[in-house]
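Protein sequences, first through last, are from chains A and B.
The numbering of the first sequence is the working numbering, which starts it at 3 and goes up by one.
The numbering of the second sequence is the working numbering, which starts it at 2 and goes up by one.
Glycine included, C-beta positions come from ideal geometry on N, C-alpha and C.
Given the structure is predicted, the values throughout are model-derived calculations rather than measurements.
Heads up, the thing below is written out as structure tokens.
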Amino acid sequence: MRIVIFGLVLALFTACGSGKKSDEQAFLEGLDSAKAEGPSISEGVIGDILQQIPSPLEISVLLKESGKKYNAGYLNSPDNISKYNSNFKKALNLGVYGTDLGYTNIYEQNQDGVKYMASIKELADGLNIGQFFDIETIGRLATNSKNLDSLLLITTQNFNSINHYLQTQNRSNLSVLFLTGGWLEALHITCEVAALNPNNKELQETIGEQKIILENIMLLLSFYKESDQNMASLLTDMEELKKIYDKVNITYTYKESTFEIVDGVMVIKDNSSSTIEITPDDISNIKSITTNIRNKVIS
Amino acid sequence: MSEEILKALTQLFAIITKQDGGVTQRERQFVINFFQTELDQDSIKEYVDLYDQFSGYGKGDEDSGKSKLTSVKDSVKTLGICKKINKTLTQKQKVIVLIKLLELVATDKNFTPQRMEIINTASNVFNIVQDEYHHIENFVITEDATSLNFADILLLDKGHSIDESRLNKHVHGHIEGSLVFMRVRSVDMYFTKYLGDESNALNGFPMQVNRVYLFSHGSTIKTQAGDALYYSDLVAHFNEEIKTTKLSFNVSIEELKFPTGAIGLRNVAISEGPGKLIGIMGASGAGKTTLLNVMAGLVKPTKGQILINGFDINSEKDKIHGVIGYVSQDDLLIEELTVYENLYYNAKLCFADFNEEQLHKRVMEVLENLGLDQRKDLRVGNPLDKTISGGQRKRLNIALELIREPAILFLDEPTSGLSSRDSENVIDLLKELSLKGKLIFVVIHQPSSDIYKMFDKMIIMDTGGYPAYYGPPIDAVTYFKKSTHQVDSNRGQCETCGNVNPEQIFNIIEAKVVDEYGQPTAKRKISPPQWYDLFKERFKINRVEDIKEEPPRSLRLPNKLKQTFIFVTRDTLSKLSNKQYLLINLLEAPLLALILAVIIKYRSSPGGTEYVFRFNENFPAFLLMSIIVALFMGLTVSAEEIIRDRKILRRESFLNLSWNSYLTSKLFILFTLSAVQTLSFVVLGNLILEIEWSMLLPFWFVLFTTSCFANVLGLNISSAFNSAVTVYVMIPLLLIPQMILSGLLFPFDKLNEIISTKGKVPIIADLMASRWAYEALVVDQFRNNSYEKPYYEFEKYESQADFRSSFLVNELDKKRKFIFDHLTSKNDTIRRAVEKDLYIIQTTLQNDFYKKGFEKELASTWTVDKLSPDFNKKLEDFLTAYKKFYQDVYNKAVEQKEAAIFKYENEEGSDYDINRYKDKYYNESLADLVKNVDEKERIIEFEGQLYQQINPIFIDPRPSGPLDYRAHFFAPKKNLLGTDVSTFLFNNIIIWIMTVLLYVALYFELLRKLINSFDGLGVKIGKGGEKAKKN
């Protein structure tokens, strides 16, 4: 009986013994010969364009100044995180949540803010950039509204350093998605707020101003349309938005800058101005298309 | 005898005597004598009157013409009386009545045809065979011993030999005249009468000439010349089976020492041939059972030997196996089986060459012999839940031994706890067996007079293991009486009733010295050694000559496979009939699964609205609990198996059955049970917790493997310890380390530094089946669920490349800077740090896949002296390229994974939805566990090596040789003799190897031997070094 058992074990060993070249070896060797596919544009150029896109947080400040109350309904629920399982979705929604976090921050909604931070941390982990978030520090700061400034600072810094890091890692595509998500969410919130304040000129202009940023984003996405099907389909959606924005006119009037002394310090004053022509119809169209795209992104 | 019967007999006597010549004085006297033996003085008168009335004594002679008429009337009367007697008396009693009738007639020698006709009628109605009747008639009537020439007669006279042509048996003795013995074959009774002039004594009472006496069990005849003739000796002459049985049993035990050093037996010598029933008596603690055990070969004497037909039972076991039968004092029955099944499976194990019909016949035969055939379909039950009586249990115990007909049978107090009726039945049965040629030793306690007399010989032991007596039972009383000079020392039994009081013996042996106040003191009048001295003087044991041939036996063992099969069937049947056991064992697993799974199932989805498998944070703990449950069930179900069977094993040890077959049968049953239990557990667990069904089989297999391991472990402790309580106390001792070192409760790198190490599972944990099972389960659940399976490889490269490009390379670069900043330092500590860092960089890079452009440098040994700024530059460049390479790998892997997801989602006709898949098949907590996300230090340095702390599930182990099986916890694959094997397979193999090793330990009973060696230690220490050296 024992002999039979030993025999069986031995047979098992030999059956498994037919070795083959390890998978890792094969995979890495294959990779060595084939260059990773990427955009034909250099990382540097992409980086430059990315720099021109303002942080979504800047829009948030504008919203608070509009005097409207905090409304969590505008935001993407942090619970939705379980839906984001591809890097594409993760990166886009990291941007979305970043904007949402900024929005909760300016209204000092710390409780919600902490939830967003947790979701951001999780998404970042999923993208292997979790090291930029020290969730404990953020959590501690968030418990006290007096720390709002530092919180905002840290978060902004984090987003900046992530962008930078991703570029050094040849993963600018994530940066692009990340900024696109953030921008889209900001535009969405602005549109929602604007719809409640039809007379707020400033908000309407802000919406109109996004035309320039949209063009930049589309430019960035177009770099990847060959290599990344997800980004290509996002670009197609953006083109819909672009069609509405084509009706928005921005005229830029240049004037010589002047120097002024303010409190004994010399300041350069920009005298140029731009006028934005945008109709309420355009705004509502922009709102509905933005909402559509955003819904696709966050679902 | 009832009044009615006595009346009937009186009538019968009267009818016979009044025929042909009427009643004579002598005949009447005979009847009165008969009444005297049966009745008290007052009643005798009444019955004599009755007799006179029936026989017409004193009325004067009737005329002969009338007498013929009455004889017809008498014949009818006789028939009526005989029929009445027939209904109430046993066959033996009827034979005695018949003999009395004949004797009555013989007193006057008035054998008229009419008288004989009546007796003949009576014998017919009594169903006594005609032949036998003639023998009896001849025996009673004749006065010439030589005329008795048939096989059932034994003559004892002074002649040395007899004529070959004669059928009767003959024995030489110092006697005038002849002593005649007759056997009545149908009832197996012996009668004797003496024809001669001497005065002989039967059981101490003088024998009348030509008077027929019943020669009952234990009777002795002492001749005038001093010869003694014992019942057993007589029987031996009549019994052909005894004569043909070749058996010699010679015991000489010089000394038996217990492990404690006390002496159990001293100078015991016993020598017997076949066909004896020998009793062993003694005060408690005198060593009766010890003697029995030594003789049966269960205990080896310290000095001395036991020979059966010249074969030493301890050193030549193979020659005598199956010869010895042993019935211990305890019940050795399988309580769940019926009486019939108990015997049937026992028979099946003994007679391989029997077919079913023969087996059935044999079993029924034994059952009938023991009067158990009416009870054959009753469950044996235990003493608390009785279905059969104590006597029946005892008889069944004996039957189990009898069925295989061992030549020598040992019984330890077979009558204890039995009613006197049952006791007598049991001993009677043994007596019968001994008459068939078996040699039977019985330890007996407080036997009744009848039982005591049934023994052929009695061995009486005294305190301290001294033999005090060895000889015929009745003589024991006289011997002890004589030795203490008591009056009436020749009388062994009561003159009127024939009773023997064995208690007398012990009263004499243990008589205490009385102090001046008449109070008995603790001191004995005659100490055991003194009795032993007397014994030595008085008894010379005649050694039975060793018969030089193998003892008879009917045992034919089935082959090992068949034995296994029989064991399995028997055990299964007994388990099936135990409804409680079955119910508990089959319901335990699903019940536990239900409790466990229902409790840990909660609304786990992020909004808390519903249960989603993905977010069930209890899942990793559930897996551990499953393993603990499997271990626990496996242990509890097996822990009692061997202990419960131990008694039966002891009985079967005389059969020399295969231990391996027995164990294999246990394993077969336990493994089957484990398979069912774990399957029901897994099915219910999966159902409730909504675990993917394709994970069911591997999940089950791990639990089954674990449970089997626990089964064999349980059998080990079951075979090693003596009581079930000890075994159950052992269970936590075995289980808790399994829990502690399972890997989930306490991380392996946060254990005491004596056992803990970095980057590998501690050796001590490798000894735990739980750790292997848990790892196998977790790794398999993570890697092979439907969500993760297609992406695992991508994620692996992603994670490994990310680790190298984002963390490892930075760490290495930091070390590079440190080295070249401190290259010229004279500080010893710093120099050592520099050397160490240099070593770490080199080994880390050497072990890496990417070496492009740096192969030459890596091949040589790096020393601090050889380092140059040039080398520094080269290394820096290499690290940059290294980082770049792994960034590429990372991006490529991510891209491929994204492409794969996109492909699955957009395939024609596919309903693949990554979110749904992840919700249903993937568990976040499990992923966090195997990715070690809570670890803050992604990389640590330990003993000159860098260890990756995160994502263990994605790190392939790097074995140092083909035999290096060790890896970090949750490694996705393992090294088995130089090849890569999945963790699931590898870990299961390991547990099975552990199981096989445990089986080997079980087979050789290593644990039991180990524990026994501890037990002996205390004694050895006490005895000093001498004994220790011997061992």
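Residue contact with chain A for B:S695: absent (no Cβ-Cβ distance below 8 Å to any residue of chain A). Taken in chain order, the complete alpha helix (DSSP H) segments of 4 or more residues contained in the region 167 to 203 of chain A are 174 to 198. Taking a contact to require three or more Cβ pairs closer than 8 Å, the region 602 to 618 of chain B and the region 627 to 634 of chain B do not qualify as touching. In this structure, B:V638 sits near B:L671, with a CB-CB distance shorter than 8 Å. Interface flag for B:F783 against chain A is unset, since no Cβ pair is found closer than 8 Å. Residue pairing by DSSP puts B:S179 in a beta bridge opposite B:L196. Note: B:E256 is bridge-paired with B:R267 and B:K304 in the DSSP secondary-structure output.
Identification of chain B residues near A:D127 by a Cβ-Cβ cut-off of 8 Å yields V934, ordered along the chain.
Of all residues in the region 997 to 1020 of chain B, only V997, Y1000, V1001 and Y1004 come within less than 9 Å of chain A when Cβ atoms are compared, listed by chain position.
Within the same chain, Cβ atoms closer than 7 Å to the Cβ of B:H446 are found at E414 and S417, the five residues on either side in sequence being excluded. Burial of B:G760 is indicated by the presence of at least 16 other C-beta atoms within 10 angstroms of its C-beta. Contact between the region 240 to 259 of chain A and the region 273 to 292 of chain A is present, with at least three C-beta pairs closer than 8 Å. With 16 or more other Cβ atoms from the protein chains shown falling within 10 Å of its own Cβ, A:I191 counts as buried. Partner residues in the beta bridge of B:P468, as assigned by DSSP, are B:M462.
Between B:S420 and chain A, the shortest Cβ-Cβ separation is not below 8 Å.
In this structure, the CA atom of B:K919 is about 26 Å from the CA atom of A:V178. Taking a cut-off of 8 Å for Cβ pairs, the region 91 to 103 of chain A and the region 180 to 196 of chain A touch, as three or more such pairs fall below it. In this structure, B:T707 lies near B:G635, with their beta-carbon atoms less than 8 Å apart. In this structure, DSSP gives B:R422 a helical state, which the three-state scheme calls helix. B:R557: not part of any alpha helix (DSSP H); DSSP gives it neither H nor E. Residues of the same chain with a CB within less than 6 Å of the CB of B:L230, apart from the 5 flanking positions on each side, are I222 in chain order. Proximity of B:P960 to chain A, defined by a Cβ-Cβ separation below 8 Å, is not satisfied.
Non-local C-beta neighbours of B:D463 in its own chain, meaning closer than 8 Å and more than five positions away in sequence, comprise G283, A284, A287, A469, I510, P529, W532 and Y533, ordered along the chain. Its Cα nearest to that of B:D158, the residue B:T147 stands out among B:T147, B:A774 and B:S166.
Classified as exposed, B:W694 has fewer than 16 neighbouring CB atoms from the shown chains inside 10 Å of its CB. As the crow flies, the alpha-carbon of A:F90 is around 13 Å from that of B:I915. If you ignore the 5 residues before and after B:A408, its C-beta comes within less than 6 Å of the C-beta of L248, V324, P552 and P553, all in its own chain and listed in chain order.
Here A:S224 carries a helix assignment [DSSP, helix/strand/coil].
Along the region 601 to 613 of chain B, going in chain order, the ones with a CB nearer than 7 Å to a CB of chain A are P607 and G608.
Assigned with DSSP and collapsed to three states, B:G276 falls in coil, not helix or strand. Comparing C-alpha distances from B:F456 to each of B:Q801, B:G466 and B:D476 shows the shortest one belongs to B:D476.
Burial of B:V835 is indicated by the presence of at least 16 other C-beta atoms within 10 angstroms of its C-beta. Within the model, the alpha-carbon separation for B:I941 versus B:A631 is close to 36 Å. Judged by their CB atoms, B:G466 and B:I264 are nearer to each other than the 8 Å cut-off. The beta carbon of B:Y883 is closer than 7 Å to those of V810 and Y851 in its chain, skipping five residues each way along the sequence. Minimum Cα-Cα distance from B:P275 among the listed residues B:D378, B:E546 and B:E357 corresponds to B:E546.
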